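Numbering (the working numbering), first residue to last: 46 to 263. Each residue gets a CB set at the ideal place from its N, CA and C atoms; glycine is no exception. Keep in mind that this is a model prediction, so the values were computed, not measured. These notes concern the structure reproduced below.
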């Protein structure tokens with residue numbers, strides 16, 4: 046039942062995206078059709094969740110901060126559809142354990158490595174949570190860059206602007222060697238830095254402060 050509702054919403058948001066935001070999903074052929082997968086994208090707006098999701102031709106679960114939808118009853122429905130709430134003030138072992146279980150079962154999970162929406166439109170450094178998931182699963186990470194949602198609905202604004210939105214998917218990143226050779230903290234740092242640099246490359250934008258695109262980080 047949840048699957049049918051998920052795909053109905055997927056279709057609805059795709060139609061809304063195309064009509065209202067001239068939505069385009071680029072590089073979808075790079076998305077693995079099956080197998081455990083972590084999809085990592087930049088985060089600028091509430092619109093990122095539906096407009097990223099409707100560009101992915103397979104069902105995905107989303108990691109998101111627990112206070113994202115403070116409406117009684119809605120949280121339960123969204124979790125039923127695939128939302129995984131996590132605490133944003135520390136590494137939430139319960140939420141990340143759920144994501145790890147899904148990936149190990151061959152499913153796809155979306156994470157926003159920055160941990161929160163940008164206030165400036167620029168990329169922020171990635172947090173270690175993405176590295177923790179890769180460490181436990183060994184899964185590939187598919188980077189994605191979402192362009193236009195910051196202009197359409199930035200943080201602290203409820204005024205929706207129908208600005209064009211593009212989502213560009215990159216090539217999956219294999220961290221198998223690093224999982225086997227790097228110490229845990231070094232792996233977490235390497236994964237988050239590498240993924241954020243790939244996201245920046247996809248968008249043709251500056252990497253987060255302290256990053257140098259293409260530079261080895263271990």
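Comparing alpha carbon positions, the residue from 238, 253, 186 closest to residue 80 is 186. Counting every other CB atom within 10 Å of its CB across the protein chains shown gives residue 184 a total of 16 or more, marking it as buried. Approximately 4 Å separates the beta-carbon atoms of residue 195 and residue 89; this is inside 8 Å, confirming the contact. For residue 141, the enclosing alpha helix (DSSP H) covers residues 138-149. Excluding sequence positions up to five before and after residue 154, its CB lies within less than 8 Å of the CB of 82, 83, 84, 105, 106, 107, 108, 129, 144, 147, 148, 178, all in the same chain and listed in chain order.
Under DSSP, residue 211 takes part in a beta bridge, and its partners are 69, 192.
In terms of Cβ geometry, residue 71 and residue 212 form a close pair [threshold 8 Å]. Taking 8 Å as the upper bound for CB-CB distance, residue 236 and residue 220 are in contact here, some 6 Å apart. By DSSP's assignment, residue 109 forms a beta bridge with 130.
In this structure, residue 173 lies away from residue 241, with their beta-carbon atoms at least 8 Å apart.
Contact annotation, residue 254 with residue 170: C-beta distance approximately 7 Å; criterion of less than 8 Å satisfied.
Burial is judged here by how many other beta carbons sit within 10 angstroms of a residue's own beta carbon; residue 151 has fewer than 16 and is exposed.
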